[in-house]
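A short write-up of the structure that comes next.
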Amino acid sequence: MGDPNQRSVHWSTVITVAAIGIAAGLFTLLGVVGELNRNSASRNDPEYQAAVLENIRPFGRVAVTGQSLEEDVAVKVATAEPAAEVMSGPQVYNIACIACHGPGIGGAPATGDVAAWQPRIAQGSILLNEHALQGLQGDTGYMPPKGGRVDLSDEEIIAAVEYIVRQSQ
């Protein structure tokens, strides 16, 4: 056996130093290769510029009246959908009013309930139409403007009011 004061080399130290050396060499090699790639794809290269422009090209364009678009851009103008037919009073009632006025919920007088409708009808059609169009906060509940269906025309709402009145006299 050797001198106890003499140091022995541990294999784990040798492996660690070798791994660090290999890692440093790979890091340097990757840096050189990366620099070569950066130089080959110069930002001033027309192919590189074209690729970048293609990657950031917008997928659509906005047509503004009075301004011309590039000739290579095909503009497709959407045609307007034909206006839907005006619905009748019963049609509007069945899609909008029946939810509350059918069963008489939330303070809404039920369609056909003569006793509940007589005082309202007595106030006149102008006031009934106004309440239907603008909404109403009553003693027994709330009706939103147009029964919550603001997409319906005033004429359609008025036709529904007339239908309810006929059914409730």
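Last residue of the sequence shown: 170 (our numbering), numbering continuous.
Cβ atoms here follow ideal geometry from the backbone N, Cα and C, with glycine treated the same way.
Please report the Cβ distance between residue i and residue j, rounded to the nearest whole angstrom; I am assuming they are in contact, meaning their Cβ atoms lie under 8 angstroms.
i	j	result
Q168	G113	5 angstroms
V65	I122	About 53 angstroms; that fails the 8 angstroms criterion.
G103	G139	Incorrect: roughly 18 angstroms between the Cβ atoms, too far for contact.
Which residue or residues does DSSP assign as beta-bridge partners of residue i?
i	result
L137	M144
With distances taken from CA atoms, which of the options is nearest residue i?
i	options	result
A97	Q50, A123, P110, A161	A161
A111	E55, F28, D46, Y164	Y164
M144	A133, I16, V34	A133
D152	D140, T141, V87, W118	V87
R150	E36, A19, I99, A52	I99
L116	V63, G61, Q170	According to the sequence provided, residue 116 is Ala. The question's Leu does not apply to it. Ranking V63, G61, Q170 by Cα distance to A116 puts Q170 first.
Kindly indicate if chain D contains any beta-carbon less than 9 angstroms away from that of residue i.
i	result
D46	The structure shown has no chain D; it contains just one protein chain.
What do you reckon, are the CB atoms on residue i and residue j nearer than 9 angstroms?
i	j	result
G136	P120	no
G148	C101	yes
If you pair each beta-carbon of the stretch 149-163 with each one of the stretch 91-99, do three or more pairs fall below 8 angstroms? yes
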